[in-house]
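Before any comments, here is the structure.
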Amino acid sequence: MVGQESMPAPVPNPKDTKVKYTAEDDALLVELKKTKNFTWKQISNLFSGRSSGTLQVRYCTKLKAKTMAWTDDMVSEDAVPSKDSAQLWTNLKPTVGV
3 MVGQESMPAP VPNPKDTKVK YTAEDDALLV ELKKTKNFTW KQISNLFSGR
53 SSGTLQVRYC TKLKAKTMAW TDDMVSEDAV PSKDSAQLWT NLKPTVGV
């Protein structure tokens with residue numbers, strides 16, 4: 003998979019465990035996950051020295067929210083939590099697929 007024409011070149015291995023992500027790293031990570039739907043294992047093969055877990059945390063905590071736009075459908079009265087936990091669970095069931 004790595005090295006094929008359609009695949010990006012692997013990112014160089016960080017020499018230090020505290021190497022910061024570059025803007026290019028972030029852009030590649032978002033493209034691979036959101037646009038190309040790669041698995042975390044596939045993505046980690048392209049980021050030498052970074053585990054699938056650290057890449058997933060980076061994406062979910064720093065990048066995913068920036069790339070996701072809220073729509074009017076996401077904001078509704080049903081999205082406001084009720085003080086009654088039973089009612090809250092009733093509201094959440096369709097969202098979580100239960």
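In my numbering, the protein residues as written are 3 to 100.
The C-beta atom is built at its ideal place from N, Cα and C for all residues, glycine as well.
| Check | Outcome |
| --- | --- |
| Assigned secondary structure, Val-59 (DSSP; H/G/I helix, E/B strand, else coil) | helix |
| Euclidean distance between Cα positions of Ser-84 and Lys-66 | With a pLDDT of 49 at Ser-84, under the threshold of 50, the modelled position of this residue cannot be trusted; read the value that follows with caution. Each residue's Cα considered, the two are about 27 Å apart. |
| With 16 other Cβ atoms within 10 Å as the buried cut-off, status of Leu-57 | buried |
| Where Lys-35 falls, given that 16 or more other Cβ within 10 Å makes a residue buried | buried |
| Test item: CB-CB of Arg-60 and Leu-31 under 8 Å | yes |
| Where Leu-94 falls, given that 16 or more other Cβ within 10 Å makes a residue buried | exposed |
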